[in-house]
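What follows is one structure encoded as structure tokens, with my remarks underneath.
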Ligand code: ATP
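Numbering (this note's numbering), first residue to last: 1210 to 1516.
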């Protein structure tokens, strides 16, 4: 397996009486767009601040490009970030703000300014003062600044916060473009699953400082396919009957003790009739139509119940 770009292990940050981050593990592989999901106050920003060496963990480790970070590290030069709302000099123009950052970061190539502004769709607005920018434009200017030194990893903390639907869509397109055209590995945090669902290749769900689940989008989607769930007194016989009599192809006994039929277009009533006719006791039968959003909510509610 390729070396992870970012590897977080057992990361904790405890404030007086608050476990803001409690034993978080995360792994970003090259090319991932990682959706870091959690409700407000779940611990996303605190985790991100530790990743960037801005605050010290209580325990645990963050490895960037294989190197453990301890603050002030050169490896951080390979990372760009926009954490919370990006701040700018309001009386300076977009390009002037970026120019300051270019010098600060020691980026020699002046062409990087134009490149960043064009990539983020702000080239035409380059001579406007930052104070006249809309929230969406400020977020994009934050990204322009974060990619100026051509990082390999970009960390965006809630970049769609406060944006209207159009702004959210544009932000999604921009993130996708950065990943595809510039080959940047991206971590993007959000409290709304649907905002990262179409984008993310991998998802980590944090709740009250604890990582409830980390999975590839493919795994999550697979898990959340629509299905008909059955509780029966003879799993093997039911499986055979469903296959032979109703042509069911994808029927499995899952770890949670439910027999699940994933085939589309099968009728629960028909299954029930068949099984009962053949002497099988069907104690429960449910048709699940969860969206990923439902799954996220259920997971978080479950996490809340166990907290
Ligand atoms: P949001 O999207 O609202 O920023 P978040 O997921 O980023 O949420 P964090 O900002 O990381 O959450 O906060 C996690 C928890 O840690 C919260 O309960 C917060 O109040 C607490 N917390 C964060 N920073 C501090 C601090 N400096 N001192 C005390 N508690 C803190």
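Backbone N, C-alpha and C fix where the C-beta goes; we use that ideal spot for every residue, glycine too.
Contact defined as beta carbons within less than 8 Å: I believe residue i pairs with residue j. What is the distance between those atoms, to the nearest angstrom?
i: residue 1230; j: residue 1220; result: 6 Å
i: residue 1215; j: residue 1263; result: So it is not a contact: roughly 15 Å between Cβ atoms.
i: residue 1440; j: residue 1492; result: 5 Å
i: residue 1426; j: residue 1234; result: Contact flag wrong, Cβ pair sits at about 18 Å.
i: residue 1331; j: residue 1355; result: Not quite, the Cβ-Cβ distance comes to about 13 Å (not below 8 Å), so this is no contact.
i: residue 1295; j: residue 1365; result: The Cβ separation is near 10 Å, so there is no contact.
i: residue 1198; j: residue 1509; result: What the structure shows of the chain is the stretch from 1210 to 1516, and residue 1198 is not part of that stretch, so it cannot be assessed.
i: residue 1363; j: residue 1321; result: Actually they are not in contact, since the Cβ atoms of residue 1363 and residue 1321 sit about 15 Å apart, beyond 8 Å.
i: residue 1379; j: residue 1345; result: 7 Å
i: residue 1269; j: residue 1218; result: 6 Å
i: residue 1402; j: residue 1502; result: 5 Å
i: residue 1292; j: residue 1258; result: 7 Å
i: residue 1459; j: residue 1472; result: 5 Å
i: residue 1424; j: residue 1412; result: 6 Å
Counting along the chain, where does the alpha helix (DSSP H) carrying residue i start and finish?
i: residue 1479; result: 1477-1486
i: residue 1257; result: 1253-1260
Give the secondary structure of residue i by DSSP, where H, G and I count as helix, E and B as strand, and everything else as coil.
i: residue 1503; result: helix
i: residue 1228; result: strand
i: residue 1165; result: What is shown of the chain runs 1210 to 1516, which leaves residue 1165 out entirely.
i: residue 1235; result: strand
i: residue 1498; result: coil
i: residue 1313; result: helix
i: residue 1218; result: strand
i: residue 1269; result: strand
i: residue 1211; result: coil
i: residue 1514; result: In this prediction, residue 1514 scores a pLDDT of 46, lower than 50, which makes its location untrustworthy; the coordinate-derived value is nonetheless stated afterwards. Residue 1514 falls in the helix class under three-state DSSP.
Only counting the same chain, and skipping five residues up and downstream in sequence, which positions put a Cβ closer than 6 Å to that of residue i?
i: residue 1515; result: Since pLDDT at residue 1515 reaches only 44, below the 50 mark, its modelled position is unreliable, and the value read off the structure follows with that caveat. Nothing listed; no residue qualifies.
i: residue 1251; result: 1415 and 1416
i: residue 1388; result: 1242 and 1395
i: residue 1260; result: 1271
i: residue 1360; result: 1287, 1288 and 1289
i: residue 1223; result: 1267
Once you ignore the five residues that flank residue i on each side, which residues in its own chain have a CB closer than 7 Å to its CB?
i: residue 1450; result: 1483, 1484 and 1487
i: residue 1213; result: 1236, 1237 and 1238
i: residue 1409; result: 1242, 1243, 1244 and 1426
i: residue 1461; result: 1469
i: residue 1314; result: 1357 and 1358
i: residue 1505; result: 1246, 1402 and 1414
For residue i, report the span of its beta strand (DSSP E) as first-last.
i: residue 1415; result: 1411-1416
i: residue 1242; result: 1242-1246
Excluding five sequence neighbours on each side, which residues of the same chain lie with their C-beta closer than 8 Å to the C-beta of residue i?
i: residue 1489; result: 1441, 1442, 1443, 1446, 1447 and 1450
i: residue 1301; result: 1309, 1338 and 1339
i: residue 1240; result: 1388, 1392, 1394 and 1410
i: residue 1518; result: A query on residue 1518 cannot be resolved here, the shown segment of the chain reaching from 1210 to 1516 and no further.
i: residue 1282; result: 1262, 1273 and 1276
i: residue 1304; result: 1322, 1326, 1335 and 1336
i: residue 1384; result: 1242, 1365, 1368, 1395, 1397 and 1408
Looking at the C-beta of residue i, does it have a partner C-beta in chain C at a distance below 7 Å?
i: residue 1494; result: Structure shown: chain C not included; a single protein chain is present.
Return yes when at least one heavy atom of ligand 2 lies under 6 Å from the C-beta of residue i, else no.
i: residue 1283; result: This structure lacks ligand 2; the ligands present are ligand 1.
(request) Please list the segments of the alpha helix (DSSP H) lying wholly inside the stretch 1318-1406, counting only runs of 4 or more residues, in order along the chain. (result) Whole alpha helix (DSSP H) segments, 4+ residues: 1320-1328, 1344-1356, 1374-1391 and 1402-1406.
(message) List, from N- to C-terminal side, the alpha helix (DSSP H) runs of 4 residues or more that fit wholly inside the stretch 1420-1472.
(response) Runs found: 1426-1432 and 1444-1455.
(request) At 3 residues or longer, and completely inside the stretch 1271-1307: list those beta strand (DSSP E) runs for me, N to C. (result) 1288-1291
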